[in-house]
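Visitor: Numbering (this note's numbering), first residue to last: 161 to 393.
Where a beta carbon is used, it is the ideal one built from N, C-alpha and C, also for glycine.
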């Protein structure tokens, strides 16, 4: 039986925050470490520099990804808190004006003027601040991101994604390292695109094309830069 409590269980929007961070982290981990390894492999005849570059990139990338995600989401959260505090102050100083603004919002959404005003009054009586936060500022429980959750998801996903090309640098032949890295990375991106699309209820084909095209460009440019130096380490 569908109720207001379980209505969103069959929808995907509540997964958007952590899914975005996880997909971004994994995609960045796969492409970054692969591109870095390909660039070094294109200018190296031994395995050690390739592994060293991959390990350094993995550690630095995971920490940077987690820190960047935390700072980014924290800034968003701070902005939301500031707007909420401002809205609370406006409700105290000008409740009539805020009521009319709320009514205009509902009117623009399709309600008749009288109905919009009545709805605004009833919702204001029930929860004035919560109503303005949701309908005027557009902030709700689904859209609010958790900085710690986003940072952990992004950092962990980067590490998992980066470990995949790391395995190639450890076991693939040095002479053909670039080709092994490209093929394995392409396969990893296809799997990631399919999994992210399946989890988010999106088009699998579009997701796969999106990650593979951009991943191929990144790796191709990295190999070009490596070959450009023409130096064998």
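For residue 331, count neighbouring Cβ atoms within 10 angstroms of its own Cβ and tell me buried if that reaches 16, exposed if not.
Guide: Residue environment analysis places residue 331 among the exposed positions, since fewer than 16 neighbouring C-beta atoms fall within 10 angstroms of its C-beta.
Visitor: Alpha carbon to alpha carbon, what distance is there between residue 339 and residue 345?
Guide: 10 angstroms
Visitor: Does DSSP classify residue 370 as helix, strand or coil?
Guide: Secondary structure at residue 370: helix, using DSSP grouped into helix, strand and coil.
Visitor: When we look at the beta-carbon of residue 254 and count the other beta-carbons within 10 Å, is it buried (16 or more) or exposed?
Guide: exposed
Visitor: Going by C-alpha to C-alpha distance, which of 319, 341, 320 and 318 sits closest to residue 329?
Guide: 341
Visitor: Can you tell which of 365, 226 and 217 has the C-alpha that lies nearest to the C-alpha of residue 324?
Guide: 217
Visitor: How many whole angstroms separate the CB atoms of residue 354 and residue 373, which I take to be in contact at a CB cut-off of 8 angstroms?
Guide: No, residue 354 and residue 373 are not in contact; Cβ-Cβ is about 15 angstroms, not under 8 angstroms.
Visitor: Report the residue from 312, 358, 343 and 363 whose alpha carbon sits nearest the alpha carbon of residue 195.
Guide: 343
Visitor: Among the residues of its own chain, which have a CB less than 6 angstroms from the CB of residue 265, if the five just before and after it don't count?
Guide: 295
Visitor: Throw me the rounded Cβ distance for the residue 248 and residue 289 pair, which I believe falls under 8 angstroms.
Guide: 6 angstroms
Visitor: Counting C-beta neighbours from all protein chains within 10 Å, is the total for residue 190 16 or more, i.e. buried, or is it exposed?
Guide: Residue burial annotation: residue 190 is buried, with at least 16 other C-beta atoms found within 10 angstroms of its C-beta.
Visitor: Decide if residue 352 is buried, meaning its Cβ has at least 16 other Cβ atoms within 10 Å, or exposed.
Guide: buried
Visitor: For the alpha helix (DSSP H) that residue 298 lies in, which residues bound it at each end?
Guide: That residue, residue 298, is in no alpha helix (DSSP H); it is neither H nor E in DSSP.
Visitor: Below 8 angstroms on the Cβ atoms is my contact criterion, and I expect residue 242 with residue 334 to pass it. Report the Cβ-Cβ distance as a whole number of Å.
Guide: Rounded, the Cβ-Cβ distance is 54 angstroms, inconsistent with contact.
Visitor: Here's a check: name, in chain order, each residue in its chain whose Cβ is nearer than 6 angstroms to the Cβ of residue 246, leaving out the five neighbours to either side.
Guide: none
Visitor: Is it the case that the region 308 to 319 contacts the region 223 to 233, given that we only count it when at least three CB pairs across the two stretches are under 8 angstroms?
Guide: yes
Visitor: Determine the contact status of residue 258 and residue 251, defining contact as a CB-CB distance below 8 angstroms.
Guide: yes
Visitor: Would you call residue 188 buried or exposed, if buried means 16 or more other Cβ atoms sit within 10 Å of its Cβ?
Guide: buried
Visitor: Can you tell me where the alpha helix (DSSP H) with residue 241 in it begins and where it stops?
Guide: Its alpha helix (DSSP H) spans residues 208 to 253.
Visitor: Pull up the distance between the alpha-carbon of residue 213 and that of residue 200, whole angstroms please.
Guide: 7 angstroms
Visitor: With burial defined as no fewer than 16 other Cβ atoms inside 10 Å of the residue's Cβ, what is the status of residue 379: buried or exposed?
Guide: buried
Visitor: Between residue 221 and the rest of its own chain, which residues show a CB-CB distance below 8 angstroms, the 5 nearest in sequence each way excluded?
Guide: 188, 189, 192, 193, 318 and 322
Visitor: Let me know if residue 365 comes out buried or exposed under the rule of 16 or more other beta-carbons within 10 Å of its beta-carbon.
Guide: exposed
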